[in-house]
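Mapping to our numbering: the sequence shown position 346 is 466, numbers consecutive.
For reference, the structure discussed in these notes is given below.
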Amino acid sequence: MSTQEIDVVVLGAGPAGENVADRVIRAGLSVAVVESERAGGECSYWACIPSKALLRPVELRAAAERMPGVREIVGDRVDVDAVLARRDEFVHGFDDSSQADWIHSTGALLLRGRGRLAGDRRVEVDHADGSTTTLAASRAVVVATGSVPTMPPVDGIDDVGAWTNREATSAGRVPASMIILGGGAVGCELATAWQRLGSSVTLVQHGERLLPTIEPSAGERVLSSLRDDGVDVRLGTSIRAVRRDGSTVHATLDDGSEVGADELVVAAGRRPGTAGLGLDTVGMRDGDVLAVDDTTLVSSVDGDWLYAVGDCTDRAKLTHMGKYQARACADVIVARSKGETAGLGERYAKTATTAERTAVTQVVFTDPQVAAVGLTEQAARDAGLDVEAVSYDIGNTAGGSLQADGYSGLATIVVDRERRVIVGATLVGQDVTDMLHAATVMVVGEVTLERLWHAVPSFPTMSEVWLRLLEGYGL
Numbered sequence: 121m122s123t124q125e126i127d128v129v130v131l132g133a134g135p136a137g138e139n140v141a142d143r144v145i146r147a148g149l150s151v152a153v154v155e156s157e158r159a160g161g162e163c164s165y166w167a168c169i170p171s172k173a174l175l176r177p178v179e180l181r182a183a184a185e186r187m188p189g190v191r192e193i194v195g196d197r198v199d200v201d202a203v204l205a206r207r208d209e210f211v212h213g214f215d216d217s218s219q220a221d222w223i224h225s226t227g228a229l230l231l232r233g234r235g236r237l238a239g240d241r242r243v244e245v246d247h248a249d250g251s252t253t254t255l256a257a258s259r260a261v262v263v264a265t266g267s268v269p270t271m272p273p274v275d276g277i278d279d280v281g282a283w284t285n286r287e288a289t290s291a292g293r294v295p296a297s298m299i300i301l302g303g304g305a306v307g308c309e310l311a312t313a314w315q316r317l318g319s320s321v322t323l324v325q326h327g328e329r330l331l332p333t334i335e336p337s338a339g340e341r342v343l344s345s346l347r348d349d350g351v352d353v354r355l356g357t358s359i360r361a362v363r364r365d366g367s368t369v370h371a372t373l374d375d376g377s378e379v380g381a382d383e384l385v386v387a388a389g390r391r392p393g394t395a396g397l398g399l400d401t402v403g404m405r406d407g408d409v410l411a412v413d414d415t416t417l418v419s420s421v422d423g424d425w426l427y428a429v430g431d432c433t434d435r436a437k438l439t440h441m442g443k444y445q446a447r448a449c450a451d452v453i454v455a456r457s458k459g460e461t462a463g464l465g466e467r468y469a470k471t472a473t474t475a476e477r478t479a480v481t482q483v484v485f486t487d488p489q490v491a492a493v494g495l496t497e498q499a500a501r502d503a504g505l506d507v508e509a510v511s512y513d514i515g516n517t518a519g520g521s522l523q524a525d526g527y528s529g530l531a532t533i534v535v536d537r538e539r540r541v542i543v544g545a546t547l548v549g550q551d552v553t554d555m556l557h558a559a560t561v562m563v564v565g566e567v568t569l570e571r572l573w574h575a576v577p578s579f580p581t582m583s584e585v586w587l588r589l590l591e592g593y594g595l
């Protein structure tokens, strides 16, 4: 078995892995990218892209219903076949050739197969034809293998053909009914999409509220909207057992009630995609979460050569945060290859992922949309900060009232009283997603309230809410 030497080996061709490879190559290092499924990863084919392709049409139709002169010409429901066809266009019919061609165009070597660590700086790639390629990385190995859905310990769940996000975002038909287990971002988005596409959805959430990691007001508004849509939301409830009787899945809940549906969708968490990765050859356990430092180095492995980015790590499991980690990772590898180690990992350096601690951004594409950055009020208090939260109804801005009749939305900021800076912000409402970046700049830049007073929002836009929030704080 011959060994091929290369500067950097990247395990995983999803968004995070692609970003590492591209950035390292542009700095002059050689790269091999190993992928066992599709170039482009989970996000491109079964998560972010197809789910938003399903959500945008139903969101747009709902917005049209709120606008006189438009709602009169909007039909009762979207054209489902057209929606699914457009979704298929966005995932290229599950053909990854264009993504693979892009990787090749960067100068990277794309190897199809299952990659696994084989000791210090070594990777073995098992190909479908039974052959194996051995790679020796002179600079670094980067693990970017993402995550996989977890199946909860529910009696019978392995026997009913439960869907995960993959089946739920790639389905070629609308099930007459479905049960969704999980009230986080994935579960709420899927419930929004499929209910409005014509399915009768029951959403079962173990906790007492939806979107539990975001401000409670966000979950409350999403809950109200889902119920208005006709979704049967069961809070504080778990599924005890499931069984399939012909075409129907029967779920027994822990309160003794039973729910039946055509499909069961599990959106109850994910685990790192590190099983079978050869972690035991570098002193770790198979399937471990990869704990990393602020330079994306795997903390438990010596030698400054093993890095990890994206969902397989202990950091934020969001595509854009994985790409942020990837950019820092690439810059660290390049710097170390040049012997430039001063300042690596320092706060807000290009070689650090320190925004993970204070400014993680997240958008949930429900209706209303939810957009958040930084700390919630409770998380800030738990961190020992003296904070005050201020909220304002976005519908009370001129921009909000023009955006939709009866506009319903809420903006909340969390202010650090001592430093007089915003440490968190949450926006809930129609069309709020693109307002989030302004809040992100505020949080990352630690811009004082007195300076923000001079960031004058245009009239009449919904961004006027930032002025109203500052006034609400007392400026």
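We put the CB at the ideal spot given by N, CA and C, even for glycine.
DSSP places Gln-124 in the strand class (E or B) of the three-state scheme.
Cys-432 places its beta carbon 8 Å or farther from that of Thr-471.
With contact defined as three or more Cβ pairs closer than 8 Å, the segment 376-394 and the segment 219-235 are not in contact. Remark: C-beta atoms of Met-298 and Ala-184 do not approach each other more closely than 8 Å. Rounded to whole angstroms, His-557 and Gly-276 show a C-alpha spacing of 44 Å.
Using a Cβ distance threshold of 8 Å, Asn-139 and Ala-448 do not count as a contacting pair. The Cβ atoms of Ala-159 and Ala-257 do not sit closer than 8 Å to each other. Here Phe-579 is exposed. Its C-beta has fewer than 16 other C-beta atoms within 10 Å. Between Ala-260 and Gly-398, the gap from beta carbon to beta carbon reaches 8 Å or more. Nearest neighbour of Val-198 by Cα position, chosen from Asp-208, Arg-176, Gly-213, turns out to be Arg-176.
Membership of Ile-299 in the beta strand (DSSP E) is indicated by the continuous run 297-301. Boundaries of the beta strand (DSSP E) around Tyr-427: 426-428. Gln-489 and Val-548 have their alpha carbons spaced roughly 6 Å apart. If you compare the alpha carbons of Ser-164, Ser-521, Val-130 with that of Leu-149, the shortest gap goes to Val-130. In the DSSP assignment, Ala-260 falls within the beta strand (DSSP E) that extends over 252-263.
In chain order, Ala-388, Gly-389, Arg-390, Arg-391 place their CB closer than 7 Å to the CB of Thr-270, counting only its own chain and leaving out the 5 sequence neighbours on each side.
Annotated three-state conformation of Pro-580 is coil, per DSSP. Around the beta-carbon of Leu-522, fewer than 16 other beta-carbon atoms lie within 10 Å, marking it exposed.
DSSP lists Gly-549 as the beta-bridge partner residues of Gln-489.
In this chain, the alpha helix (DSSP H) harbouring Arg-571 covers 569-572.
Using a Cβ distance threshold of 8 Å, Arg-456 and Asp-414 do not count as a contacting pair. In this chain, the alpha helix (DSSP H) harbouring Thr-312 covers 305-317. Under the DSSP assignment, Pro-269 falls in the beta strand (DSSP E) whose first and last residues are 267-269. With 16 or more other Cβ atoms from the protein chains shown falling within 10 Å of its own Cβ, Lys-443 counts as buried. Its chain contains Val-128, Val-151, Ala-450, Ile-453, Val-454 as the residues whose beta carbon lies nearer than 7 Å to that of Val-144, once the 5 sequence neighbours on both sides are disregarded; these appear in chain order. DSSP places Gln-498 inside the alpha helix (DSSP H), whose first and last residues are 497-502. Uninterrupted beta strand (DSSP E) stretches at least 3 residues long and entirely within the segment 371-451 occur at 378-381, 383-386, 390-392, 426-428, given in chain order.
The way I'd put it, the segment 287-295 does touch the segment 163-170; three or more beta-carbon pairs between them come closer than 8 Å. For Ser-320, the uninterrupted beta strand (DSSP E) segment begins and ends at 320-324.
Annotation for Ser-156: no beta strand (DSSP E) segment contains it, and DSSP assigns it neither H nor E. As the crow flies, the alpha-carbon of Ile-126 is around 45 Å from that of Ala-313. Assignment of Glu-460 by DSSP, reduced to helix, strand and coil, places it in the coil class.
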